[in-house]
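The opening residue of the sequence shown carries number 28 in the working numbering; numbering runs sequentially from there. Notes for the one structure printed next.
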Amino acid sequence: MGSKTPVSILQEMMARLGTPPTYNLIYDGSGTHTTVFKYRVNASNVTAIGSGRSKKEAKHEAARIALERLATHQIADTQPPGVPPEAVEVVTPYKDQLKENAIGALHDMCATNEIPMPDYDLIEEKGAPHEKIFTFVCSVSKQREIGIGRTKKQAKQLAAFNMMNRLKESLSDVLKDVQSEHVEQSSNDNVEIAASKYIAAVGTPRKKFRLNRSPYMYHNFFSEMSQECQESAWEILSTIKFPLTFQEAKDSGVDWMSHLDKVLECLEIQKSVMPGRPSVTGNETIFLQINHSSEAVFYGSGDNSQNALQQAAYLALLFLVVQLRQKENKCWNPT
């Protein structure tokens, strides 16, 4: 049975009718914490809108919806010439595309629990140029999970998703074992025991987990970081002029997120952004987390998600200034 994408099928159908479909990108969400694209397609007397995490995915989704609506409208003689109806299978390459960023979620899970970071390898690529099938393997210590998809990105995401589920199951099983042993210790001690057993299970010689760190340890946030990283970060921070209030920071037009990204790159620290619920005043809210040996979370609120993100980034930069200043005994003038 032939296998074609919605875009190619719609193109052939409309070409036979003499009215090729037209596509328009109506929303570009690149650069936001939830990347989404939207395409509108006009085909004959049908209009459809599709969304996806990439432009191609959104375009295929729009074409798929248009095909369904064309079938509903019972447009005559719309099959591609020479192709019997039963030979056409409408399959989008993004049919199994994960809607969440599994790669980022797995990275955060490993960073939070101090599990070795995942490695990804393309182990197989087969099929005709227009029907490629890719296979990725995701490795965490001695654990391996496979992901298969019509695109490299899809296969890699699926491999990360499968690994994330496997790690969750492993940690869950270990915690159950600890409870069954009736260890008379605090819940924090049980978590530490579970973590050490999990390390033995995956066979990694790395140090045991620190699933959390008490707030009174935050003054040691950079205790395990190289002097070179800290000095590079301080060079950037010392050139930034910080207003005393966020309203002034907002009015300044400074891209605080850009500054934060540069500092975190020097410190070799990852960040993650999570949307929150709208505030009682209707403002958008954002939680920005810095993932290091300790976790630091910053809250931002604004009339839109970008302003909320900028506020959180501004607060994160102030936190980093305080941490590095007290460790290096630096002098700093916020204005």
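Note that beta-carbon positions come from the ideal geometry of N, C-alpha and C, so glycine has one too.
Leaving out five residues on either side along the sequence, give the residues of the same chain with a beta carbon under 7 Å from the beta carbon of residue i.
{"i": "GLU295", "result": "CYS256"}
{"i": "MET191", "result": "ALA129, ALA132, LEU133 and MET136"}
{"i": "PHE273", "result": "GLN338 and TYR341"}
{"i": "THR46", "result": "SER71"}
{"i": "THR62", "result": "GLY56 and ARG80"}
{"i": "VAL34", "result": "LYS86, HIS87 and ALA90"}
{"i": "GLY303", "result": "THR312, ILE313 and PHE314"}
{"i": "PRO305", "result": "GLU311 and THR312"}
For residue i, I'd like the list of residues in its chain whose CB is within less than 6 Å of its CB, leaving aside the five on either flank, ordered along the chain.
{"i": "LEU97", "result": "VAL73"}
{"i": "ALA187", "result": "ALA129, ILE130, LEU133 and CYS165"}
{"i": "MET301", "result": "PHE314"}
{"i": "ALA260", "result": "VAL290, CYS293 and LEU294"}
{"i": "THR139", "result": "none"}
{"i": "GLU151", "result": "THR162"}
{"i": "LYS179", "result": "PHE161"}
{"i": "MET41", "result": "PRO47, PRO48 and ALA70"}
{"i": "LYS82", "result": "PHE64"}
{"i": "PHE325", "result": "LEU315, ALA339, LEU342 and ALA343"}
{"i": "ASP146", "result": "SER166"}
Would you give the residue range spanned by the alpha helix (DSSP H) that residue i belongs to?
{"i": "LYS375", "result": "Coverage of the chain is limited to positions 28 through 362, which leaves residue 375 absent and any answer about it impossible."}
{"i": "GLY131", "result": "129-140"}
{"i": "ALA328", "result": "The question names Ala, but residue 328 in the sequence shown is Ser. Element bounds for SER328: not the alpha helix (DSSP H) but the beta strand (DSSP E), 322-329."}
{"i": "GLU39", "result": "33-44"}
{"i": "ASP288", "result": "283-294"}
{"i": "SER259", "result": "254-264"}
Exposed or buried, residue i, counting other C-beta atoms within 10 Å across all chains shown (16 or more means buried)?
{"i": "PRO48", "result": "buried"}
{"i": "TYR54", "result": "exposed"}
{"i": "MET144", "result": "exposed"}
{"i": "HIS286", "result": "buried"}
{"i": "THR32", "result": "buried"}
{"i": "GLY154", "result": "exposed"}
{"i": "HIS8", "result": "Since the first and last residues shown for the chain are 28 and 362, residue 8 lies out of range."}
{"i": "ASP104", "result": "Note that ASP104 scores a pLDDT of 47, beneath 50, so its modelled location is shaky and nothing firm can be said."}
{"i": "LYS234", "result": "Below a pLDDT of 50, predicted positions are generally treated as unreliable, and LYS234, at 37, falls in that range; no measurement from the model is reported."}
{"i": "GLU196", "result": "exposed"}
{"i": "SER214", "result": "Low per-residue confidence applies at SER214: pLDDT is 46, beneath 50, and the placement is therefore not dependable enough to give any value."}
{"i": "LYS169", "result": "exposed"}
{"i": "GLN350", "result": "buried"}
{"i": "LEU185", "result": "buried"}
{"i": "GLU262", "result": "exposed"}
{"i": "GLU258", "result": "exposed"}
{"i": "ARG177", "result": "buried"}
{"i": "GLY280", "result": "exposed"}
Is any heavy atom of the ligand MN found at a distance shorter than 7 Å from the C-beta of residue i?
{"i": "GLY309", "result": "Judged by which ligands are present, the structure shown has none, so any question about the ligand MN falls away."}
Excluding sequence positions up to five away, which residues of its chain have a Cβ less than 8 Å from the Cβ of residue i?
{"i": "ALA335", "result": "ASN310, GLU311, THR312, ILE313, GLY327, SER328 and GLY329"}
{"i": "LEU344", "result": "LEU264, ILE267, PHE269, TRP283, HIS286, LEU287 and VAL290"}
{"i": "SER299", "result": "GLY131, ASP135, LEU315, GLN316 and ASN318"}
{"i": "ARG193", "result": "GLN170 and GLU172"}
In the DSSP assignment, what residue or residues form a beta bridge with residue i?
{"i": "TYR66", "result": "LEU52 and GLY77"}
{"i": "ASP146", "result": "SER166"}
{"i": "MET301", "result": "PHE314"}
{"i": "ILE160", "result": "LYS153"}
Please report the residue range of the beta strand (DSSP E) in which residue i lies.
{"i": "ARG171", "result": "170-176"}
Tell me, please, whether the CB atom of residue i is closer than 8 Å to any CB atom in chain B?
{"i": "LEU347", "result": "Included in the structure is just one protein chain, with no chain B present."}
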